[in-house]
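Just add 3 to wherever you are in the sequence shown, counting from 1, and you've got this note's numbering.
A virtual CB, placed ideally from N, CA and C, is assigned to each residue, including glycine.
Structure record follows, encoded as structure tokens.
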Amino acid sequence: MSPATNNQTIKIKFLQTLESAIKEQTFVSLVLMNKKNSESDIKKIAIRPVQLKKGLMLSFISRYPTNDITKNYTIEIGLKNISDLFEDTFAQGELSTVSTEYFFSYPEKGKSKLKQKDRKEFIEASTTHDHQKNRLIDQSQNYLYALGVTNEKGKILKDKQAKYRQINKFIEIINPIIEKSSLDNKVNVVDMGSGKGYLSFALYDHLKNNLGYDPHMTGIELRPDLVSKCNNISINAGFKNLSFKEGSIETTPIDTPDILIALHACNTATDDAIAKGIHAKAKMIICSPCCHKQIRKQMTPATHVKSITQFGILKERQAEIITDTIRALVLKAYGYKTNVMEFISTDHTPKNLLITAIKENDPIQPLQNHLEEITVLKNFFGIDEHHIEKLTYNN
Ligand SMILES: C[S@@+](CC[C@H](N)C(=O)[O-])C[C@H]1O[C@@H](n2cnc3c(N)ncnc32)[C@H](O)[C@@H]1O
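This is the structure we're talking about:
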């Protein structure tokens, strides 16, 4: 057998091993590396299986010196691409399955080799739901490095572990809501008070690369330095439909968003964001309130429960509960199925509630029963007006 034919036979064997692992759902990852062609600036490609709406696909993350580009392919096209990439671009492939690691070399000159090493312990295949749940946001993504969450090797920095957990937890909570909803493929998202953009990037990445949507996302942020930084990171990440705009939540016009998020927008900025979403008839409003100052000043409960406000910290917590209850009731009044849940452990931050609201109905007038619930609450605690009322039905 000629060396070229021998190399081809080994390559076919490697590709058949990969194809069987995909079929048997034991495929974990394949990394193509050791570039043959010096003209291309691609460094390596990491391939893993992803379960998208369209079915099982292969996700290719191509790593360039300054950015990553992710593309998903059907199994058939993905396998064909891998075969072509060995011919043109890469001389080495490391295939990981749940039980075995395979090392394939396919040099331009010389003999091809295929070695394998059994694992001491089985690992989980990345197509399983459990595995996806554990790490919905892939820590090797370049934007996490640019945001200062990981080091250049994709390792989470010690002081950013909590931030990484928070990002994943947010995606974990929002994921089943999105999966159950009937969003069109093109999803419009607006992030109110996007700040450093951690959650905007993660949500865009998840919608695009894990769920296969075509997201168009705008982050609205007061601080021009953060806007410019996030726009640069987005360009480098190849997130062509994620951009950031300088402006205030109150005055920046928005189109009808499918998803509006407002995470830790300060004080009444959360109310501004929710009201914006209600007026724009957003299909989903997800917010995590920040500080709650507006109600606290007004609270003068009836004499028999006055003691509830005599201790500063308890008054503050009571004010938070009332503030968020009224926000949730206003959302219900406007036809949103609303839920309030704990976002992350209070060890990380006391700002740990997440209000999720999904538009179910579009009432002509806000629903009276929920407005009455608000009135009862306000009367009980001696509150004149919640900021969100001013922006909605009291407007
Ligand atoms: C606590 S940070 C949260 C950032 C981001 N949403 C997150 O959770 O990582 C709040 C951000 O909202 C911005 N912000 C506050 N009020 C705003 C307003 N009225 N309009 C636009 N941005 C606002 C602040 O500049 C800040 O960057």
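Look at Y201: its beta carbon is less than 7 Å from one of the heavy atoms in ligand 1. At least one heavy atom of ligand 1 is found less than 7 Å from the C-beta of L266. The region 270 to 282 makes contact with the region 321 to 333; the number of CB pairs closer than 8 Å reaches 3 or more. For ligand 1, no non-hydrogen atom lies closer than 7 Å to the CB of L245. Ligand 1 never approaches L357 closely enough for any of its heavy atoms to be under 7 Å from the residue's Cβ. In the three-state scheme derived from DSSP, where H, G and I count as helix and E and B as strand, R299 is classed as helix. Annotation: L61 to N212 spans about 11 Å, alpha carbon to alpha carbon. Within a 10 Å sphere around the beta-carbon of E363 sit fewer than 16 other beta-carbons, which makes this residue exposed. Here T395 is buried. Its C-beta has 16 or more other C-beta atoms within 10 Å. By the Cβ rule, the region 176 to 194 counts as touching the region 251 to 269, because three or more pairs are nearer than 8 Å. Exposure of H307 is indicated by the presence of fewer than 16 other C-beta atoms within 10 angstroms of its C-beta. For R330, the secondary structure class from DSSP, reduced to helix, strand or coil, is helix. Of the residues assessed, P179 falls on the exposed side of the cut-off, its CB having fewer than 16 other CB atoms within 10 angstroms. Straight through space, the alpha carbons of I252 and L266 are spaced by roughly 12 Å. For H219, the enclosing beta strand (DSSP E) covers residues D217 to E224. Between D121 and the set Y105, G113 and L160, the nearest pair of CA atoms involves Y105.
The criterion of a C-beta distance shorter than 8 Å is not satisfied by L245 and I325. Look at S197: its beta carbon is less than 7 Å from one of the heavy atoms in ligand 1. Relative to ligand 1, even the nearest heavy atom lies 7 Å or more away from the CB of E323. Here the alpha carbon of I174 sits roughly 48 Å from the alpha carbon of A7.
DSSP, read as helix, strand or coil, puts N342 in strand. At least one heavy atom of ligand 1 lies less than 7 Å from the C-beta of I223. Judged by DSSP secondary structure, I361 falls outside any alpha helix (DSSP H) and instead within the beta strand (DSSP E) spanning L356 to K362. Using a 10 angstroms sphere on the CB of T359, the tally of other CB atoms reaches 16 or more, which defines it as buried. Where P179 is concerned, the enclosing alpha helix (DSSP H) starts and stops at Q164 to K183. In the DSSP assignment, P227 falls within the alpha helix (DSSP H) that extends over P227 to A240. S65 is the residue among S65, L55, T29 and K56 whose C-alpha sits nearest the C-alpha of K46. Note on I170: 16 or more other CB atoms within 10 angstroms of its CB, so buried under the neighbour-count rule. Relative to the non-hydrogen atoms of ligand 1, the Cβ of A205 never comes closer than 7 Å to any of them. The C-beta distance from T221 to K248 rounds to 6 Å, short enough to meet the 8 Å contact threshold. Here V31 carries a strand assignment [DSSP, helix/strand/coil]. Under the Cβ criterion (8 Å, minimum of three pairs), the region 144 to 160 counts as touching the region 229 to 244. Taking a C-beta distance under 8 Å as the contact criterion, S32 and I50 qualify as a contact pair.
When DSSP reads this structure, K123 sits in no beta bridge, so it has no partner.
With 16 or more other Cβ atoms inside 10 Å of its own Cβ, F346 counts as buried. Its Cα nearest to that of L357, the residue P292 stands out among Q321, P292 and S310.
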